[in-house]
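Residue numbers (this note's numbering): 446 to 531.
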């Protein structure tokens, strides 16, 4: 067998061995592209919108807490004044 024939035989053997691997790789790529990636994008969109809602709510809660603290102070002061009047 000549060197060229040997190289051709090795090339053919490698092609046979790599073909199933290439097919599996292509299948994995398609699964990632068509199945996993869209689902991850959907999860990301849901997470982002939920985060935005909570972020805005937290700012509102901080404002409400400040208002409640003021109301507690005013109510306590008014209670003291009413007890002194009674």
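Note that beta-carbon positions come from the ideal geometry of N, C-alpha and C, so glycine has one too.
| query | result |
| --- | --- |
| By the three-class DSSP mapping on this structure, what secondary structure does residue 531 have? | coil |
| Taking only three categories from DSSP, how would you classify residue 476? | helix |
| So within the region 474-530, which uninterrupted alpha helix (DSSP H) runs reach at least 4 residues, ignoring any that extend past its ends? | 482-530 |
| Can you give the Cα-Cα distance for residue 508 and residue 484, rounded to whole angstroms? | 37 Å |
| Specify the secondary structure class of residue 455 as computed by DSSP and reduced to three states. | helix |
| How many Å lie between residue 494 and residue 504 at the Cα? | 16 Å |
| Which value, in whole angstroms, describes the spacing of the CA atoms of residue 478 and residue 464? | 21 Å |
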